[in-house]
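Numbering (the working numbering), first residue to last: 169 to 417.
Quick reminder that beta carbons are idealized off the backbone N, C-alpha and C, glycines included.
These notes are about the structure you will find just below.
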Amino acid sequence: MSDLTPVEIWRAAVLGYWTGLDLQAAKQGQVTGVRDTGNRAAVTGGKQMDAMQEAVAKLWRAHPDITLEVRTEGHNNLPAYFRPAKNWDLLVLYRSSLIAAMEFKSQRGPSFGNNFNNRTEEALGLAADSQTAVERGLFGKLKPWFGFIMLVERAPGSLSAVKVPGNMPFKADPIFEGASYVDRYKIFFERMVKEGNYDAVALLTAEAGNEDFVEPSVSLSLANLEAAIRARIEYIKTLPDDVFDELTH
């Protein structure tokens, strides 16, 4: 496979978030210098992460020796345990069987506190539901690979230290003292990966309207995510078809 995805592709995907553009339009804007900010319907309609999804989908499709089906549109439901199903942002299938599922979330200001709680509760709930479904055998013998991408606006509200409640019967973990919301996202997703709730996560931060992004953690970087995706593809490619079919059926 080729080298890591050029940073210009990721910058275009971040730009696509702010402007509601798809990846191709964002890349064209990088070349021409024209930033189309008029497409607000895509943003308000929940499509603001489409450019990032498109960039990641290309990673899954890039291997020359294996053809994977990548779904990013329509209903991409998977069985869950505490509810009937969950509609994922991106699914990857091989020989009609699931090999990966990914979720793409973002947060903009100014309500960083409430939105942080909402986003982390969503990610926690998704992980608990999906991992329990795996343990209960709803996905067969081949455990799906679960990934997550989070883009957070860099602003005073997300970068300033947040006070930890002091009226609790037990003290909070000291790691949260003096941490900003971006720091909290870093701690949250590093621990989610460490505990096996997700196989890989990318955490990006960028100023509003800016394509340049900052990665708060090497272990949550796009390079690490891409390496994890490639490793998953290599594993699936190496499995003999009869072994893959037995694991998935």
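Per DSSP, the bridge partner or partners of residue i
{"i": "Tyr262", "result": "Ser265"}
{"i": "Arg239", "result": "Leu259"}
{"i": "Gly315", "result": "Met270, Ala368"}
{"i": "Leu191", "result": "According to DSSP, Leu191 bridges with nothing at all."}
{"i": "Gln424", "result": "Because the chain in this structure spans residues 169 to 417, residue 424 falls outside the shown range and cannot be described."}
{"i": "Pro247", "result": "Ala253"}
{"i": "Glu321", "result": "Ala374"}
Residues of its chain near residue i, where Cβ-Cβ distance is below 7 Å and the 5 sequence neighbours each way are ignored
{"i": "Arg251", "result": "Asp297"}
{"i": "Phe314", "result": "Ala269, Ser298, Tyr366, Asp367"}
{"i": "Tyr185", "result": "Gln216, Met217, Ala219, Met220, Ser274, Leu319"}
Neighbour-count burial assignment, residue i, 16 or more Cβ in a 10 Å radius
{"i": "Asn335", "result": "exposed"}
{"i": "Asp367", "result": "buried"}
{"i": "Asp233", "result": "exposed"}
{"i": "Leu292", "result": "exposed"}
{"i": "Leu319", "result": "buried"}
{"i": "Tyr403", "result": "exposed"}
{"i": "Asp257", "result": "buried"}
{"i": "Gly206", "result": "At Gly206, the pLDDT of 40 sits below 50, so the modelled position is not reliable and the matter cannot be decided from this model."}
{"i": "Lys362", "result": "exposed"}
{"i": "Ile343", "result": "exposed"}
{"i": "Arg304", "result": "exposed"}
{"i": "Leu227", "result": "buried"}
{"i": "Leu393", "result": "buried"}
{"i": "Lys354", "result": "buried"}
{"i": "Glu379", "result": "buried"}
Residue j beta carbon less than 8 Å from that of residue i
{"i": "Glu241", "j": "Leu191", "result": "no"}
{"i": "Ala219", "j": "Ala180", "result": "yes"}
{"i": "Gly377", "j": "Ala323", "result": "no"}
{"i": "Ala301", "j": "Ala225", "result": "no"}
{"i": "Lys254", "j": "Leu310", "result": "no"}
{"i": "Ile267", "j": "Arg400", "result": "yes"}
{"i": "Phe272", "j": "Met217", "result": "yes"}
{"i": "Ser326", "j": "Val350", "result": "yes"}
{"i": "Phe381", "j": "Val182", "result": "yes"}
Same chain only: Cβ atoms within 6 Å of residue i, ignoring 5 sequence neighbours per side
{"i": "Leu357", "result": "Per the sequence shown, the amino acid found at residue 357 is Phe instead of Leu. Hits under 6 Å: Val369, Leu371, Leu388."}
{"i": "Trp178", "result": "Leu390"}
{"i": "Arg239", "result": "Leu259"}
{"i": "Ala209", "result": "Note that Ala209 has pLDDT 37, beneath the 50 cutoff, so the model's placement of it is unreliable and the number below is only indicative. Around Ala209: no qualifying Cβ."}
{"i": "Ser328", "result": "Ser348"}
{"i": "Leu261", "result": "Glu237"}
{"i": "Val211", "result": "With a pLDDT of 35 at Val211, under the threshold of 50, the predicted position of this residue should be treated as unreliable, and no value is reported."}
{"i": "Leu415", "result": "Lys309, Leu310"}
Spatial neighbours of residue i in its chain, beta-carbon cut-off 8 Å, leaving aside the 5 residues before and after
{"i": "Pro333", "result": "Ala340"}
| query | What are the complete alpha helix (DSSP H) segments, minimum 4 residues, inside the stretch 343-416? | reply | Complete alpha helix (DSSP H) runs here, min 4: 349-362, 390-406, 409-416.
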